[in-house]
Amino acid sequence: MNIAIVIILGVLMLAAAVTALYLKSLSAAVIAAGAVSLLASVIYLLLAAPDVAMTEAAIGSALTTVVFLYALSRMRGTKKEDPRD
Amino acid sequence: MADQLFNIAAVIMLISLVLAIVRLLIGPSVGDRAVALDAMTIISLSLIGWIALSTGRGIYMDVALVYGLISFVGIVAIARYLERGL
Amino acid sequence: MEILGGIFAIAGSVFLFLAALGLIRMPDMYDRMQAGTKATTLGTMLFLIGLAMAEPQWVGKSALLILFVIFSNPLSSHALARAAYHAGISLGERAACDELAGACEDEEETA
Chain A
-13 MNIAIVIILG
-3 VLMLAAAVTA
7 LYLKSLSAAV
17 IAAGAVSLLA
27 SVIYLLLAAP
37 DVAMTEAAIG
47 SALTTVVFLY
57 ALSRMRGTKK
67 EDPRD
Chain B
59 MADQLFNIAA
69 VIMLISLVLA
79 IVRLLIGPSV
89 GDRAVALDAM
99 TIISLSLIGW
109 IALSTGRGIY
119 MDVALVYGLI
129 SFVGIVAIAR
139 YLERGL
Chain C
112 MEILGGIFAI
122 AGSVFLFLAA
132 LGLIRMPDMY
142 DRMQAGTKAT
152 TLGTMLFLIG
162 LAMAEPQWVG
172 KSALLILFVI
182 FSNPLSSHAL
192 ARAAYHAGIS
202 LGERAACDEL
212 AGACEDEEET
222 A
């Protein structure tokens, strides 16, 4: 039961990671990377590591998202992204 | 009996997590992906509660609390970036 | 009591499943937001109530989590909807009128 859930969540995490590689829009790729760290946090919790899960949730899901989006909004030379793609 | 009911609930939550991540993968706009990430956060919050119940450790509920607090900051940051840049 | 908690958990997970199904099936981004935030709030509340019934020593943590979900989830959905509207994501084809832009005046007179 437990290992089956780990396998399902791992497959979902792999799909989100591959999608983050192939997306054209950079902000959508940042959101997909946030989904990867979300699923990684749940997998760490299933593998009985609550402290690692808490750290992954704090750093991967919030801090890297905020830092990436701050860097994207401060980049020069790129035109404003179309929000519809 | 109650454990089996909770296991069925966990299976239904896994199916809904799969559906939400499908919307995150195929969503045509950035807003769709952000909404799907929000829904995935809430569903995995419930899933963490189920893990805490099935393993019987109370500290996992603290992980769920920290997780909800932190992911709320992430969603609000995404919304602010979509509105006018961070 | 534990059986009742299990039934509450089943109801909450069914609401979560309906939210994810609406996230797939809805035609418009704002409809998806409607399905994906309200139903998940109710589903999480029901599941955590069931969890607190099954394990009575976790009532404090479950109540704190329910309180936090009630406060944070509508706030984040409101921020997302406002951001999507100001970023220029259009309403769906079947939307009647745009009330935030003040385009509903003739219908208010007839109604």
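If you're matching them up, the sequences are chains A, B and C in order.
32 is the number that this note's numbering gives to position 46 of the first sequence; each next residue is one higher, with no gaps.
For any residue, its number in this note's numbering is found by taking its place in the second sequence, counting from 1, and adding 58.
For any residue, its number in this note's numbering is found by taking its place in the third sequence, counting from 1, and adding 111.
C-beta atoms are modelled at their ideal positions from N, C-alpha and C, and glycine is treated no differently.
For Arg115 (chain B), which three-state DSSP category applies? To locate residue 115 (chain B), count along the second sequence from 1; it is residue 57. In this structure, Arg115 (chain B) counts as coil in the three-state DSSP scheme.
### Query
Which term fits Thr221 (chain C), buried or exposed, when burial requires 16 or more other beta carbons within 10 angstroms of its beta carbon?
Here residue 221 (chain C) corresponds to residue number 110 of the third sequence, with the count starting at 1. Caution applies to Thr221 (chain C), whose pLDDT of 49 falls short of 50 and renders its modelled position unreliable; the value that the coordinates give is listed next. Under this definition Thr221 (chain C) is an exposed residue.
Practice prompt. Take the Cβ of Ala35 (chain A) as the centre, count every other Cβ of all protein chains shown within 10 Å, and call the residue buried at 16 or more, exposed below.
Written response: Residue mapping note: residue 35 (chain A) aligns to position 49 of the first sequence, counting from 1. That one is exposed.
Against chain C, with Cβ distances strictly below 7 Å, would Gly132 (chain B) count as a contact? Walking along the second sequence from the start, residue 132 (chain B) turns up at place 74. Gly132 (chain B) does not count as touching chain C.
Item to complete: Could you check the C-alpha separation between Tyr56 (chain A) and Ile118 (chain C) for me, to the nearest Å?
Response: As a first step, residue 56 (chain A) is located in the first sequence; it is residue number 70 there, counting from the start. As a first step, residue 118 (chain C) is located in the third sequence; it is residue number 7 there, counting from the start. Distance between the alpha carbons of Tyr56 (chain A) and Ile118 (chain C): 44 Å.
| said: Less than 7 Å between CB atoms is the rule here; does Leu72 (chain B) satisfy it with respect to chain C? | reply: Walking along the second sequence from the start, residue 72 (chain B) turns up at place 14. Output row for Leu72 (chain B): interface = no.
**Asked** Is it buried or exposed for Asp37 (chain A), if we count other Cβ within 10 angstroms and need 16 for buried?
**Response** Stepping through the first sequence from its first residue, residue 37 (chain A) is reached at position 51. Asp37 (chain A) comes out exposed.
message = Across the region 136 to 156 of chain C and the region 130 to 141 of chain B, are there enough close Cβ pairs to call them in contact, namely three or more that are closer than 8 Å?
response = As far as the Cβ criterion goes, the region 136 to 156 of chain C does not touch the region 130 to 141 of chain B, which means the pair count is below three.
Quiz item: Shorter than 7 Å from the beta carbon of Arg81 (chain B) to some beta carbon of chain A?
Solution: As a first step, residue 81 (chain B) is located in the second sequence; it is residue number 23 there, counting from the start. Output row for Arg81 (chain B): interface = no.
Checklist line | Residue-level contact to chain C via CB, Ala135 (chain B), 7 Å cutoff | finding: Walking along the second sequence from the start, residue 135 (chain B) turns up at place 77. Chain C, which has no Cβ nearer than 7 Å to the Cβ of Ala135 (chain B), makes this no.
Closer than 7 Å, CB to CB, is Ile89 (chain C) near chain B or not? No answer is possible for residue 89 (chain C): it lies beyond the span of chain C, which begins at 112 and ends at 222.
* If I'm right that Ala48 (chain A) touches Gly132 (chain B) with Cβ under 8 Å, what's the distance once you round it to whole angstroms? => Locating residue 48 (chain A) in the first sequence gives position 62, counting from the first residue. Locating residue 132 (chain B) in the second sequence gives position 74, counting from the first residue. Your pair Ala48 (chain A) and Gly132 (chain B) checks out as a contact, with CB atoms roughly 4 Å apart and the cut at 8 Å.
Check your understanding: Is the region 186 to 206 of chain C touching the region 85 to 92 of chain B in the sense that three or more CB pairs, one from each, lie closer than 8 Å?
Key -> yes
Note to self: Taking the alpha helix (DSSP H) that Asp61 (chain B) belongs to, which residues open and close that run?
What the structure shows: Mapped onto the second sequence, residue 61 (chain B) falls at position 3. Looking at the DSSP string, the run of the alpha helix (DSSP H) that includes Asp61 (chain B) is 60 to 84.
| field | Selected residue, minimal CA-CA separation from Ala94 (chain B), among C:Met156, C:Arg136, C:Leu157 | value | Mapped onto the second sequence, residue 94 (chain B) falls at position 36. Of C:Met156, C:Arg136, C:Leu157, the residue nearest in Cα terms is C:Arg136.
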